[in-house]
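Novice: Mapping the sequence shown onto UniProt numbering, position 291 (from 1) lands on 291, and the numbers just tick up by one.
Glycine included, C-beta positions come from ideal geometry on N, C-alpha and C.
Here the structure is a predicted model, which means the values were calculated and not measured.
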Amino acid sequence: MLNVTTSSGQEPHCHEANLNTKSTSGISASFHSESRDSDVCSVIQHLEEIPRDFDNSRLKFSVDRQWAEASASINASHFGVNFVYDFERIGDQPWEKFDEIVESLNSGTIRYPGGIAAETSLSLQDPDQAHYITSDGQRQEVMPLTEFLQHCKAAGWKASVVIPTAETLTENKIEGHRDFDVAAENDVYNFVMQALEAGGPRVISRFEIGNEYETHMSAVEYGRVASAIAEIAQRAIDDYAQQSDSLSWTEPKIAIQVWTESANEGTSLATLSEKNQKVMAEFNASEAAAVDAVVSHYYYDAGSHDGQVNEHAYENIDSIIGWSVDQMRLWEENPKFNDNLDIIFSEWNVNHKNVDTHGLQQLPVMLKMFATFVSEGVDQLDFWSAQYKPVSLAASGAQLTPAGEMFKFLSGLTRGTVLSTGPKVDNCETYVFSSPDRFLFATSSLSETVQVVRVSVPARISSDSHVIIVGVDEATSDGTYNGRPVDDYWAEADVAADVRKFSAASLISGGVIEVTLQPYEVMFLYDGSGAPLPPNQENGSDHFGAEGSEALTGDTTDEFLFGGAGNNIIFNDGGSDVVQGGQGADYFVVDPATHYLRIEDFDPGVDKLDLSQLLERAETLTAISEGGYFVATVCESSAEGFGSLTITAEKKNDCLTLDLRNDGVVFAQIDLPEYHAQDWIADLWI
1 MLNVTTSSGQ
11 EPHCHEANLN
21 TKSTSGISAS
31 FHSESRDSDV
41 CSVIQHLEEI
51 PRDFDNSRLK
61 FSVDRQWAEA
71 SASINASHFG
81 VNFVYDFERI
91 GDQPWEKFDE
101 IVESLNSGTI
111 RYPGGIAAET
121 SLSLQDPDQA
131 HYITSDGQRQ
141 EVMPLTEFLQ
151 HCKAAGWKAS
161 VVIPTAETLT
171 ENKIEGHRDF
181 DVAAENDVYN
191 FVMQALEAGG
201 PRVISRFEIG
211 NEYETHMSAV
221 EYGRVASAIA
231 EIAQRAIDDY
241 AQQSDSLSWT
251 EPKIAIQVWT
261 ESANEGTSLA
271 TLSEKNQKVM
281 AEFNASEAAA
291 VDAVVSHYYY
301 DAGSHDGQVN
311 EHAYENIDSI
321 IGWSVDQMRL
331 WEENPKFNDN
341 LDIIFSEWNV
351 NHKNVDTHGL
361 QQLPVMLKMF
371 ATFVSEGVDQ
381 LDFWSAQYKP
391 VSLAASGAQL
401 TPAGEMFKFL
411 SGLTRGTVLS
421 TGPKVDNCET
431 YVFSSPDRFL
441 FATSSLSETV
451 QVVRVSVPAR
461 ISSDSHVIIV
471 GVDEATSDGT
481 YNGRPVDDYW
491 AEADVAADVR
501 KFSAASLISG
511 GVIEVTLQPY
521 EVMFLYDGSG
531 APLPPNQENG
541 SDHFGAEGSE
551 ALTGDTTDEF
561 LFGGAGNNII
571 FNDGGSDVVQ
581 GGQGADYFVV
591 DPATHYLRIE
601 DFDPGVDKLD
611 LSQLLERAET
621 LTAISEGGYF
631 VATVCESSAE
641 GFGSLTITAE
651 KKNDCLTLDL
661 RNDGVVFAQI
671 DLPEYHAQDW
681 IADLWI
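Right, here's the structure in full:
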């Protein structure tokens with residue numbers, strides 16, 4: 001049983017209140033607040049321990065509108081970022097730090113060219129131009145498409161590319177009645193083919209048709225343009241697949257925009273729903289068959305839509321995102337379209353213009369948005385942005401902001417888990433990220449006052465567990481931002497992040513972990529059994545590589561191995577290990593003494609798994625695909641105990657499990673959401 005108590009030094013008027021809930025996830029919660037002689041209100045939350053053998057598919061998340069079932073566990077696709085190609089840089093100059101930021105965030109899924117630039121400056125006819133001329137006559141440098149995709153290929157990044165749409169409209173009709181200009185057909189085809197040839201078969205994960213179409217055209221016009229481009233893009237993808245001799249081809253998805261409520265404050269929900277229907281109506285059957293995903297944006301703008309059902313208030317975040325996802329899922333319900341489309345938010349954040357979510361105030365909102373996206377079954381997320389505007393993930397020198405630090409820990413600690421949460425306490429909100437082999441408890445402060453959080457130690461917390469608190473360094477506050485006075489340090493957008501890391505054991509007293517949270521700070525408590533403490537940890541025997549190519553060797557204990565950037569050779573060297581190769585082409589060497597191995601970021605077609613040490617001298621290898629599984633049989637091996645070894649790789653729950661002896665005992669687990677048998681044949685070395 002996990003108990004959480006929060007108390008504040010504030011002097012509130014306490015009142016009697018009881019709330020008891022029981023979720024279908026098996027997590028129960030009860031709250032009690034009562035008047036006392038002291039000036040402290042205490043609230044206790046009870047969360048039943050989640051068993052290690054729970055069924056992931058049954059975990060659900062509580063939102064105000066209804067219980068919503070998560071479609072899958074959290075994975076790398078939930079931690080994408082936008083690359084603003086006319087602002088952010090990759091290179092050797094002190095300000096060219098985007099690649100370093102991506103590595104720090106443990107991301108590696110990048111959207112290009114980021115935002116409105118896709119429609120105002122990226123050219124269909126010449127996507128490799130290195131600059132454009134701004135409206136005031138200035139020369140603006142950019143990163144060309146081919147150069148960007150080649151860097152993605154070298155770094156091991158996945159890329160999504162926005163196809164410009166505004167320039168494909170006919171010019172001989174009045175606005176609102178324009179069509180797709182057939183003269184642009186070759187430009188679209190060549191743009192897609194050039195991107196595929198530059199990135200190769202494994203880099204591009206999706207093509208997104210246009211960016212925020214409402215800025216440039218009507219819903220009917222976008223439907224005409226998007227339907228034509230979708231079919232052309234699919235033809236280019238098919239032609240590339242025919243030309244490519246790669247065994248590791250994974251077809252990029254084609255994504256269509258859905259204009260949801262946050263796109264324009266002055267548009268009613270009814271009007272937005274009507275626009276969505278108008279876009280769908282423009283697709284014929286063959287055009288609809290090309291659509292693999294629907295995409296939208298969501299920016300939380302505190303106070304907007306004041307007094308309306310879709311008012312941007314913290315307590316409405318789940319219902320607003322839920323309504324947006326409902327609009328996107330209408331595409332699946334339309335018989336013309338695939339009934340299993342990916343749901344993508346390719347831009348999400350708080351509104352950078354709203355000072356009410358600057359500084360630490362951004363963290364609780366951002367965490368709730370992430371949790372709601374996951375609970376609604378959103379498949380991919382791309383954060384806006386890495387460095388652009390005051391609510392970004394990093395400063396100009398690549399130092400992570402408080403938001404960036406929280407993003408890094410979410411990315412490093414929640415992959416492979418599913419989410420559950422209980423009702424919100426007045427002064428904080430709690431989340432539980434769980435899987436059979438890991439447990440992460442997160443708390444965000446919603447208060448301007450100091451909160452003392454007491455957590456009774458659950459069974460899954462051990463001597464290997466850690467507490468991480470993300471806040472700000474008050475010493476870096478000067479009371480201003482961009483020349484504007486800011487009353488509170490926690491509302492200042494440019495204050496440096498402060499991350500405090502503790503061994504959970506050092507905070508336990510009487511079976512309780514007690515931590516103090518400053519205003520709007522976020523705390524993570526995790527069990528340490530499967531999730532790593534990200535780099536710069538205070539204790540433990542985990543191993544972290546640097547940015548170059550290197551060899552990284554563990555020891556015989558249970559540990560976490562992280563390769564970092566570059567092409568790494570990683571020897572797990574026995575024990576029960578969790579491994580992340582990081583960016584680049586990594587080579588995972590399995591030791592015969594290994595008890596259990598989990599590889600969390602294996603990239604088919606790029607990374608390799610070497611099992612040769614298990615066999616000493618494997619003379620022949622036959623590789624076949626049977627019933628969706630890959631079976632590799634090694635014959636005539638002289639390795640003791642392995643006269644005939646069968647390695648069975650089975651796709652389950654977005655990962656591969658390897659059974660070496662075909663005896664039902666899992667030897668290794670490899671997180672691999674998009675697995676195809678032919679990928680594995682090319683990547684298994686024996």
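For residue 125, which of helix, strand or coil comes out of DSSP?
Specialist: coil
Novice: Please determine, among 156, 152 and 104, the residue with the shortest C-alpha to C-alpha distance to residue 587.
Specialist: 156
Novice: Enumerate in chain order the residues of its own chain whose CB-to-CB distance from residue 138 is below 6 Å, with the five nearest sequence positions on each side excluded.
Specialist: none
Novice: Once you ignore the five residues that flank residue 166 on each side, which residues in its own chain have a CB closer than 6 Å to its CB?
Specialist: 119 and 216
Novice: Taking contact to mean at least 3 C-beta pairs separated by less than 8 Å, is the stretch 366-380 in contact with the stretch 331-346?
Specialist: yes
Novice: Decide if the stretch 492-502 is in contact with the stretch 397-411; the criterion is three or more beta carbon pairs, one per stretch, under 8 Å apart.
Specialist: yes
Novice: Considering just the uninterrupted stretch of the alpha helix (DSSP H) at residue 197, what are its terminal residues?
Specialist: 185-199
Novice: Report the rounded CA-to-CA distance for residue 229 versus residue 223, giving the unit in angstroms.
Specialist: 10 Å
Novice: Do you know offhand how far residue 387's Cα is from residue 373's?
Specialist: A direct Cα-to-Cα measurement between residue 387 and residue 373 gives close to 22 Å.
Novice: Going by alpha carbons, who is nearest to residue 132 out of 369, 125, 124 and 141?
Specialist: 141
Novice: Starting from the C-beta of residue 463, find all residues in its chain whose C-beta is less than 7 Å away, skip the five residues before and the five after it, and write them out in chain order.
Specialist: 505
Novice: Taking the alpha carbon of residue 214 as the reference point, which residue from 152, 183, 249 and 278 has its own alpha carbon closest?
Specialist: In this structure, 278 is the residue among 152, 183, 249 and 278 with its C-alpha nearest to the C-alpha of residue 214.
Novice: Starting from residue 348, trace the beta strand (DSSP E) both ways and give me its first and last residue.
Specialist: 342-350
Novice: Rounded to whole angstroms, what's the CA-CA distance from residue 146 to residue 189? Just pull it up for me.
Specialist: 15 Å
Novice: In the stretch 274-314, which residue ranges form an unbroken beta strand (DSSP E) of at least 3 residues, counting only runs that do not cross its ends?
Specialist: Taking only runs of at least 3 residues, the beta strand (DSSP E) segments lying wholly in the stretch 274-314 are 293-300.
Novice: How many Å lie between residue 452 and residue 524 at the Cα?
Specialist: 14 Å
Novice: DSSP state of residue 409, grouped into three classes?
Specialist: helix
Novice: Tell me, to the nearest whole angstrom, how far the beta carbon of residue 276 is from that of residue 327; I am working on the premise that it is less than 8 Å.
Specialist: That pair is a contact at about 5 Å.
Novice: Just to confirm my understanding: we take residue 260, look at its own chain, exclude 5 residues before and 5 after, and list those with CB closer than 8 Å. What are they?
Specialist: 272, 296, 297, 298, 323, 324, 327 and 328
Novice: Taking the alpha carbon of residue 208 as the reference point, which residue from 180, 113, 255 and 239 has its own alpha carbon closest?
Specialist: The shortest Cα separation from residue 208 among 180, 113, 255 and 239 belongs to 255.
Novice: For residue 80, which residues does DSSP report across the bridge?
Specialist: For residue 80, which the question treats as bridged, DSSP gives the partners 382.
Novice: Examine the Cβ distances between the stretch 349-360 and the stretch 82-91 and report whether three or more of them are shorter than 8 Å.
Specialist: no
Novice: From the DSSP output, which residues share a beta bridge with residue 523?
Specialist: 443 and 469
Novice: Which two residues bound the contiguous alpha helix (DSSP H) that contains residue 464?
Specialist: Segment: none, residue 464 is in no alpha helix (DSSP H) and carries neither H nor E.
Novice: Assuming the contact rule is C-beta atoms closer than 8 Å, residue 162 and residue 385 should be a hit. Round their C-beta distance to whole Å, please.
Specialist: 14 Å between Cβ atoms; not a contact.
Novice: What number of angstroms, rounded off, separates the C-alpha of residue 582 from the C-alpha of residue 352?
Specialist: 30 Å
Novice: Kindly identify the DSSP beta-bridge partner or partners of residue 257.
Specialist: Answer is 295, bridged to residue 257.
Novice: DSSP beta-bridge partners for residue 160?
Specialist: 111 and 206
Novice: Taking residue 274 as the reference, which of 304, 249, 219 and 319 has the closest Cα?
Specialist: Among 304, 249, 219 and 319, the Cα nearest to that of residue 274 belongs to 219.
Novice: Let me check understanding here. Comparing Cα to Cα, which of 114, 442, 75 and 522 lies closest to residue 210?
Specialist: Closest option to residue 210, Cα to Cα, is 114.
Novice: Where do the ends of the beta strand (DSSP E) carrying residue 516 lie?
Specialist: 512-517
Novice: Locate the beta strand (DSSP E) running through residue 139, then write down its first and last residues.
Specialist: Start and end: 139-141.
Novice: Let me make sure I understand the geometry here. Which of 472, 289 and 333 has the alpha-carbon closest to that of residue 519?
Specialist: 472
Novice: Helix, strand or coil, according to DSSP, for residue 153 in the structure here?
Specialist: helix
Novice: Anyone know if the C-beta pair for residue 432 and residue 508 falls short of 8 Å?
Specialist: Against a cut-off of 8 Å, the Cβ pair of residue 508 and residue 432 comes out as no contact.
Novice: Within this structure, are the beta carbons of residue 334 and residue 320 separated by less than 8 Å?
Specialist: no
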